[in-house]
Amino acid sequence: MKKEIIKYLNDNFPNLGSDIHIRFELGEPFRNGSNRRIKQVNKRVVTIFEEVFDQNDSIFVYIKDWGIIEDAMFGNTTPEYLYELLNGRTIEEETLFDLDEDEDEEGNTIEIKQEYQVKILNGLVSSFPYRKILEGISHYEQGREPSIGQSVFFINKDKDIVFNMYDDRGCIIYSKTKEQLRHLYVKYNDWIVNYWRDYFNRLFKDE
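Just so you know, the sequence shown maps onto residues 0 to 206 in numbering that gives the first Met the number 0.
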């Protein structure tokens, strides 16, 4: 399972992304930390998730976990919460690296490897507590608990879809084809992140 999904992502969604994607606003216009913001975030993200995935879809859950040093500003105050939600499931693990660049004292470019753990599991959508996982992600930068600071990607190989809620601000759905995402562009057009609207209008315009 582990090798299968890592190879699939490397071949189809390098760096867990794609130029063909759509990004939705979840939290605006409500202020950070407000109940209204959290309520809207969770309603929107579950609506989009359930539009993308059917309950009987087989999916992989791909977790990137940097451990307790993940975020110096917010910290992961309940780092085990995600795994408590997934308790009893078979989870395969792998150590991978993100590559970054910096400069040394002499101005030379140096390569920095940031180690993280990958946790991978699979099953039917209906078997995962996805609502609680998405809610936990929405809490992370809002000062609420329990929160989820790990990056979580939901992957459906049959549909060639990768779904990632990055925090309370938004979520991104990646695909290999525009047609897999066009219905989202039409149905939830009002929720598209305005900063990227021109890009998505060009991407999904009628040809």
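All residues carry an ideal CB built from backbone N, CA and C; glycine is no exception.
Buried or exposed: which applies to residue i, given that a residue is buried once 16 or more other Cβ atoms fall within 10 Å of its Cβ?
i: A71; result: Any answer about A71 is weak, because its pLDDT of 48 lies below 50 and its placement is not dependable; what the coordinates show is given next. A71 is exposed by the Cβ-count criterion.
i: D53; result: exposed
i: M0; result: exposed
i: V185; result: exposed
i: H182; result: exposed
i: R22; result: buried
i: F96; result: exposed
i: F203; result: buried
i: D167; result: buried
i: G148; result: buried
i: G142; result: exposed
i: Q39; result: buried
i: G32; result: exposed
i: L25; result: buried
i: Y194; result: exposed
i: D197; result: exposed
i: G87; result: exposed
i: I136; result: buried
i: I243; result: A question about residue 243 goes unanswered here, because the residues of the chain that appear run from 0 up to 206.
What is the residue span of the alpha helix (DSSP H) that residue i lies within?
i: E49; result: N34 to V51
i: S137; result: Y129 to H138
i: E3; result: K1 to N11
i: R181; result: E178 to K186
i: E83; result: Y80 to L84
Using the DSSP secondary-structure output, state which residues sit across from residue i in a beta bridge.
i: M164; result: C170
Just reading off the beta strand (DSSP E) that residue i is part of, what are its end residues?
i: V60; result: S57 to D64
i: I119; result: T108 to L123
i: I19; result: Unbroken run through I19: none, as it is neither H nor E.
i: V192; result: No beta strand (DSSP E) contains V192, which DSSP labels as neither H nor E.
i: I101; result: First, the residue type needs correcting, since residue 101 is Asp and not Ile in the sequence shown. Start and end: E91 to E102.
i: I154; result: S150 to N155
Nearest to residue i by CA position, among the options, is which residue?
i: Y61; options: G106, D10, I5 and E102; result: I5
i: K134; options: N9, R43 and R22; result: One point to set straight first is that residue 134 is Glu, not Lys, in the sequence displayed. For the residues N9, R43 and R22, the minimum Cα distance to E134 belongs to R43.
i: K158; options: T176, Q113, K131 and G106; result: T176
i: S146; options: T94, T108, I37 and F96; result: I37
i: K2; options: Y129, E144, F199 and N121; result: N121
i: P78; options: Y187, K156, R130 and S150; result: S150
i: I132; options: K156, E24 and Y82; result: Y82
i: I58; options: G148, R201, Y7 and Q113; result: Y7
i: S17; options: T46, N163 and S126; result: N163
i: L84; options: P128, I19, W195 and K63; result: P128
i: R35; options: H138, S174, Y165 and N200; result: H138
i: N55; options: V192, D101 and S126; result: S126
i: E50; options: I172, K63 and I109; result: I172
Flag residue i as yes when its Cβ comes closer than 8 angstroms to any non-hydrogen atom of the ligand NAP, and as no otherwise.
i: N41; result: Questions concerning the ligand NAP fall outside what the structure shown contains, since it holds no ligand whatsoever.
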